[in-house]
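J.:
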Ligand code: SAH
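In this note's numbering, the protein residues as written are 375 to 656.
#1: Any chance the CB of residue 493 is under 8 Å from a heavy atom of ligand 1?
#2: Who are the near neighbours of residue 625 in its chain, counting only those whose CB is closer than 7 Å to its CB and skipping five residues on each side?
#3: Under three-state DSSP, which class holds residue 530?
#4: Who are the near neighbours of residue 482 in its chain, counting only those whose CB is closer than 6 Å to its CB and skipping five residues on each side?
#5: Leaving out the 5 sequence neighbours to the left and right, which residues in its chain are closer than 6 Å to residue 555 when beta-carbon positions are compared?
#6: Within 8 Å: the Cβ of residue 643 and any heavy atom of ligand 1?
#7: Three Cβ pairs or more, each shorter than 8 Å: is that satisfied between the stretch 478-492 and the stretch 502-522?
#8: Going by the C-beta, is residue 601 closer than 8 Å to any heavy atom of ligand 1?
#9: Would you call the CB atoms of residue 568 and residue 602 closer than 9 Å?
#10: Of the choices 637, 640, 628, 652, whose alpha-carbon is the least far from that of residue 465?
#11: Take every Cβ of the stretch 584-602, pair it with every Cβ of the stretch 443-462, and state whether three or more of those distances are shorter than 8 Å.
#12: Between the C-alpha atoms of residue 645 and residue 550, what's the straight-line distance to the nearest angstrom?
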């Protein structure tokens, strides 16, 4: 059903080619556009995943299709994601989530427990669970309708070991069984790196790691967050280019920040509801 590899070969390259083609208007460019139009959305996903070192089975591709159908259906009634992002969900949501996989494998090769803070419609947490079913995933999402979607979606996907908590991270991170209990934390598009650190590092075990997509000037942001990270028990934030930046929304999220948890987080953190966003750590 997937990987009509002859057709889909190098879809990321062709996606890049599309940009060139549009700007140059060349004949070869138009041929590329035509070629791209022949590809199905699942081909784009499958080939993009291969580029990230993730071989998706037909079962997993079917789950991504079910996910997309569910998201499309719910989005008619509840505003879970923008129409633009939905139209390009394979890249903007799925492959962008999977761009964390190579980093996760390298930084937490034996990591099993993952928390995704501010999961929204499940990115990256639920997408990662489909790609890496061995993960034990907790999705923390404060907005009721989004958490409701996540619960419905994970049930429809018949995934084991996904827990959805319709709560604020500030509260969950103080609870036994969740505090200092995860090998990996993720968070996409919830705010500044300082905010991400305060809402995720308390969840990480010592030796665990935060892996987060970042946009803008990620290097500068990482330098500015170094002190906050140390205050929270984290190491110096490192930034690397997202390998899948071609597949994703490259202009807004081209980097991945990696922060190792080095020591226990003081019980002063995270501060109470809303404060980490309102008054970022210095
Ligand atoms: N990660 C998703 C959603 C981003 S929007 C994506 O990238 O597509 C940010 C989400 O974080 C919102 O759904 C919001 O409800 C949630 N959120 C923000 N602050 C939170 C907090 N303190 N605890 C839990 N969820 C939070």
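Every residue gets a Cβ at the ideal spot worked out from N, C-alpha and C, and that includes glycine.
T.: Based on what the coordinates show:
#1: yes
#2: Its pLDDT being 48, under 50, residue 625 is placed unreliably in this model, and the coordinates cannot settle the point.
#3: helix
#4: 557, 558, 583
#5: none
#6: no
#7: yes
#8: no
#9: yes
#10: 628
#11: no
#12: 17 Å
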